[in-house]
Amino acid sequence: MRSPVISSVVRPSARDTAAAAANPIPDRRIAPALPTRLRPADLLRLTDETGEDVLAGRYDHRLPADGRWPLVDRWATRLVADDEVDIWLISWTPEKSTQLHDHAGSIGALTVLSGALAEYRWNGSELRHRILAAGDQAAFPIGWVHDVVRASDRVAISGRSDPGPLNPTLSVHAYSPPLTAMSYYEVTGHGGLRRTHTVLTDQPEGDL
Ligand SMILES: [Fe+2]
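Structure representation (structure tokens):
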């Protein structure tokens, strides 16, 4: 006796199969599934809004006492922390490059509050340089590899004043999901990129 379930299966006819082969389903691009519901535009907005709060003094209790910004080591304080996003304020100091790195499985964004940053980003074949001055923003999708340093230490910024040690270079960074790891890279002599090591860290832009 034939199973009613099996008997209900409709098998494609030879004509249907031939039609499907002649008209294949279009190869649609599938958006990558990210481990966060936030998007780069959300992080740009968050760093902008948080930066405004910093400039308005709403985080003064989190800043170095008496405005004594560290002059040697990069300094950072986490302003916001939840399951979806970490938001940090970073003070940049001379010659403290982040080294070439990614942000593992996190997307990121920044807003420069004062001074200027120099970013060297790997574009697939070379490092591209740009200056991010006060008010500028940048977003970092998955796979973004860059090196960031206080701008005045490496390049002259025409028409802009040197931030100087008493006028700190500050930026607000957001990472979603919160940063847990970073990989470091070096540019090879063959115009490629080699990953050198990976570290587990929740520190913004690497070790301070
Ligand atoms: Fe970074």
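The sequence shown begins at 508 in my numbering and counts up one residue at a time. C-beta: ideal position from N, C-alpha, C; glycine also.
- Valine 619 has its Cβ no nearer than 7 Å to any heavy atom of ligand 1.
- The Cβ neighbour count for serine 659, taken over all protein chains shown within 10 Å, is at least 16; the residue is labelled buried.
- In this structure, the beta-carbon distance from proline 711 to alanine 616 does not fall below 8 Å.
- The Cβ-Cβ distance between serine 598 and leucine 677 falls below 8 Å.
- Here the alpha carbon of proline 577 sits roughly 23 Å from the alpha carbon of aspartate 643.
- With the rule of 3 Cβ pairs closer than 8 Å, the region 553 to 568 does not count as touching the region 651 to 658.
- Taken through DSSP and simplified to helix, strand or coil, arginine 565 comes out as coil.
- Between threonine 554 and the set Ala645, Tyr691, Gly713, Thr705, the nearest pair of CA atoms involves Ala645.
- In this structure, glutamate 712 has its CB closer than 7 Å to one or more heavy atoms of ligand 1.
- In this structure, histidine 568 has its beta carbon at no less than 7 Å from each heavy atom of ligand 1.
- When the five nearest sequence neighbours on each side are left out, the beta carbons in the same chain lying within less than 6 Å of the beta carbon of arginine 702 are those of Ser690, Tyr692, in order along the chain.
- Judged by the Cβ position, valine 655 qualifies as a neighbour of ligand 1 at the 7 Å threshold, a heavy atom of the ligand being closer than this.
- Looking at the DSSP output, valine 655 shares a beta bridge with Glu626.
- At a threshold of 7 Å, histidine 608 counts as near ligand 1, since its beta carbon sits closer than that to one of the ligand's heavy atoms.
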